[in-house]
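Data first, discussion second: the structure below is written as structure tokens.
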Amino acid sequence: MKKNKFVIVGAGSSYTPAIVAVLLARRDDLKLQEIALYDIDADRVARTGRFCELYAREHAQGVQVSYTTEIETAFRGADFLFVQIRPGCNQQREQDEKIPLRHGILGQETCGLGGFSFALRCIPAILEIVGKAQEICPDAWILNYSNPEAMISEAIYRTYPHAKALCICDMPISQEETIADFLGIPHKDLTFKYFGLNHFGWFTNIYDKEGRDLLPALRERVLSDPSVRLVNAEAEEKHDNYWGEMYAHAIEGFRAYPEFFPLVYLSYYYFHNEMVAHMDPGYTRANYVLDVREKVVFDDCERCIAAGTTKDSALHAGVHGNYIVDIANAIINNTHERFIINTMNRGAIGNFNHDAVVEVPCYVSAGGIEPVSVGYIPQFHKSLMEAQKGYEKLAVEAALTGSYQKALQAVLLNRTVPSYAVGKAVLDELMEANQGYWPALK
Ligand code: G6P
Ligand code: MN
Numbered sequence: 001m002k003k004n005k006f007v008i009v010g011a012g013s014s015y016t017p018a019i020v021a022v023l024l025a026r027r028d029d030l031k032l033q034e035i036a037l038y039d040i041d042a043d044r045v046a047r048t049g050r051f052c053e054l055y056a057r058e059h060a061q062g063v064q065v066s067y068t069t070e071i072e073t074a075f076r077g078a079d080f081l082f083v084q085i086r087p088g089c090n091q092q093r094e095q096d097e098k099i100p101l102r103h104g105i106l107g108q109e110t111c112g113l114g115g116f117s118f119a120l121r122c123i124p125a126i127l128e129i130v131g132k133a134q135e136i137c138p139d140a141w142i143l144n145y146s147n148p149e150a151m152i153s154e155a156i157y158r159t160y161p162h163a164k165a166l167c168i169c170d171m172p173i174s175q176e177e178t179i180a181d182f183l184g185i186p187h188k189d190l191t192f193k194y195f196g197l198n199h200f201g202w203f204t205n206i207y208d209k210e211g212r213d214l215l216p217a218l219r220e221r222v223l224s225d226p227s228v229r230l231v232n233a234e235a236e237e238k239h240d241n242y243w244g245e246m247y248a249h250a251i252e253g254f255r256a257y258p259e260f261f262p263l264v265y266l267s268y269y270y271f272h273n274e275m276v277a278h279m280d281p282g283y284t285r286a287n288y289v290l291d292v293r294e295k296v297v298f299d300d301c302e303r304c305i306a307a308g309t310t311k312d313s314a315l316h317a318g319v320h321g322n323y324i325v326d327i328a329n330a331i332i333n334n335t336h337e338r339f340i341i342n343t344m345n346r347g348a349i350g351n352f353n354h355d356a357v358v359e360v361p362c363y364v365s366a367g368g369i370e371p372v373s374v375g376y377i378p379q380f381h382k383s384l385m386e387a388q389k390g391y392e393k394l395a396v397e398a399a400l401t402g403s404y405q406k407a408l409q410a411v412l413l414n415r416t417v418p419s420y421a422v423g424k425a426v427l428d429e430l431m432e433a434n435q436g437y438w439p440a441l442k
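Residue 1 is where the sequence shown starts when you use this note's numbering, and the numbers rise one by one after that.
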């Protein structure tokens, strides 16, 4: 029987222990033989790597886990690459968030100009990784999780149209599960219809097993009851109030534009000024991630390494890990399951640019994906998406060509930018803060 080698690229991340734990727990389904953890940062990958080696020894005898900074060693013989890189780590994310906020506009890792800044760091690194994979392991499936996925996916699919790459995000599925909990129906018994761009999409229908659409009833409840709350189970468990607030804003967004249920990230555009007013330019999400999540995970890794056992560690759960593994499982076992994925449109949204990456439901099997045709979309959503897509495509152009002009055009198309002066000032400050990370813009 063919056995599989999985590689995690960017394995120094705090998400790695949970992903490895899910892979190991499902080793039989995945026909798992080996996991290689790869990162350019030797210290970070040694920490998660030694933890995962220990964890595998204690929980999954026979599966080989190793870590390395050598890309050749990691990629040789690979069947799946899970790519989750963050060039500049959360320290650069902090700059992406704080610089725009100082100018009164959204500072966030994927939306607004923070996302633009992250894209310019991440695109060159991702293209190098995908290029290497085409040389070393051209048959491997590349499942990319790296952000900002909207622009990363445009760059990958455009540069390597024949690569076996799928660009995914856990937000739609996490939101589906949250809505399923709210409705009191198992997620597996519901079929969600959805369209949009990454971190910029809408649920249009929620079908139950009998084929009834539950979205109208959900709309009625939200519109008639101001106390309606969506609770994200994972965030609650982690006492991470950020997602609770994001869901509250999504409900507001649904009330404001009740046609479709918005992805939580749309609140940054629907309610830009109100969201910015509540953000602290002195302490952003990156600070929380550095001070809390990374600290908890890395401290626990070090504690377990020192103790020589992972027995009382809690680093092993999370939708984040499950979802990417579910997609690999669908490919390996040819399950034809449905997932929301970023893919070239090619008519999936009938009245949207065919040559643009969109986020739509797709059936996943051993042969790859079959996108679902979601038909024609309304003018309002189409127009929002067109402006956003123009911004995304120009940002990718700027990253690929090093053109300052394209970068400025991208920035000025972003909905969060109120004027030329603000857009240019933020762009120039971000450029300064990203020397050595961004391509030089001329
Ligand atoms: C969701 C999004 C990811 C994003 C993450 C950020 O899962 O889909 O794209 O990276 O949230 O979470 P954080 O806790 O780092 O702010
Ligand atoms: Mn995402």
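Here a beta-carbon is modelled for each residue, glycine too, at the ideal position from N, C-alpha and C.
Residue i (DSSP reduced to helix, strand or coil)
i: F118; result: helix
i: E70; result: coil
i: A286; result: helix
i: V7; result: strand
i: Q33; result: strand
i: T16; result: helix
i: E252; result: helix
i: M385; result: helix
i: V319; result: Only weak support is given to the placement of V319: the predicted model assigns it a pLDDT of 49, under 50, and the question is left unresolved by the model.
i: L427; result: helix
i: R346; result: coil
i: C137; result: coil
i: W202; result: strand
i: F192; result: strand
i: V374; result: coil
i: R44; result: helix
i: R27; result: helix
i: E259; result: coil
i: R229; result: coil
i: Y145; result: coil
i: E397; result: helix
i: A163; result: coil
i: E128; result: helix
i: E53; result: helix
i: F380; result: helix
i: Y207; result: strand
i: Y437; result: coil
i: M1; result: coil
Segment limits, beta strand (DSSP E) that includes residue i
i: E370; result: 368-371
i: L413; result: Note, L413: premise wrong, no beta strand (DSSP E); alpha helix (DSSP H) at 404-413.
i: S365; result: 357-365
i: A314; result: Taken as a continuous stretch (DSSP letters only), A314 belongs to no beta strand (DSSP E), as it is neither H nor E.
Nearest residue (CA-CA) to residue i, options the options
i: H381; options: R212, P216, I85, F203; result: F203
i: L400; options: E234, H59, I152; result: I152
i: I136; options: V426, G211, A11, I71; result: I71
i: V222; options: I251, N198, Y247; result: I251
i: A410; options: S419, A395, P418; result: A395
i: E386; options: G402, H354, V228; result: H354
i: I444; options: F195, T191, I19; result: Given that the chain is displayed from residue 1 to residue 442, the structure contains no residue 444 and the question cannot be resolved.
i: A421; options: T16, F51, I105, Y242; result: I105
i: V358; options: H187, K98, L197, C89; result: L197
i: F182; options: T159, L215, K209; result: L215
i: E529; options: R86, L113, V83; result: Only positions 1 to 442 of the chain appear in the structure, and residue 529 is not among them; the question remains open.
i: W243; options: D213, L230, L120, F254; result: L230
i: Q379; options: Q405, E259, P138, T310; result: E259
i: E154; options: P172, W141, I126, Q134; result: I126
i: V374; options: G347, A398, L384; result: G347
i: Y437; options: V325, P124, F298; result: P124
i: A165; options: D139, S174, M171, T178; result: D139
i: I369; options: L290, I341, A433; result: I341
i: P161; options: M344, G77, K311; result: M344
i: S13; options: R338, P186, C52, D29; result: C52
i: I308; options: G350, C169, R93, E58; result: The displayed chain sequence assigns Gly, not Ile, to residue 308. For the residues G350, C169, R93, E58, the minimum Cα distance to G308 belongs to E58.
The alpha helix (DSSP H) enclosing residue i, as first and last residue numbers
i: T178; result: 171-183
i: I305; result: 294-307
i: T159; result: 149-159
i: E220; result: 215-224
i: A277; result: 272-277
Supposed close pair residue i, residue j - CB separation, criterion 8 Å
i: A56; j: L24; result: 6 Å
i: T48; j: T16; result: 4 Å
i: L81; j: L143; result: 7 Å
i: F116; j: A150; result: 11 Å between Cβ atoms; not a contact.
i: V264; j: M246; result: 4 Å
i: G10; j: I85; result: 4 Å
Every unbroken alpha helix (DSSP H) within the stretch 58-115, with a cutoff of 4 residues, ordered by chain: 71-75, 89-102
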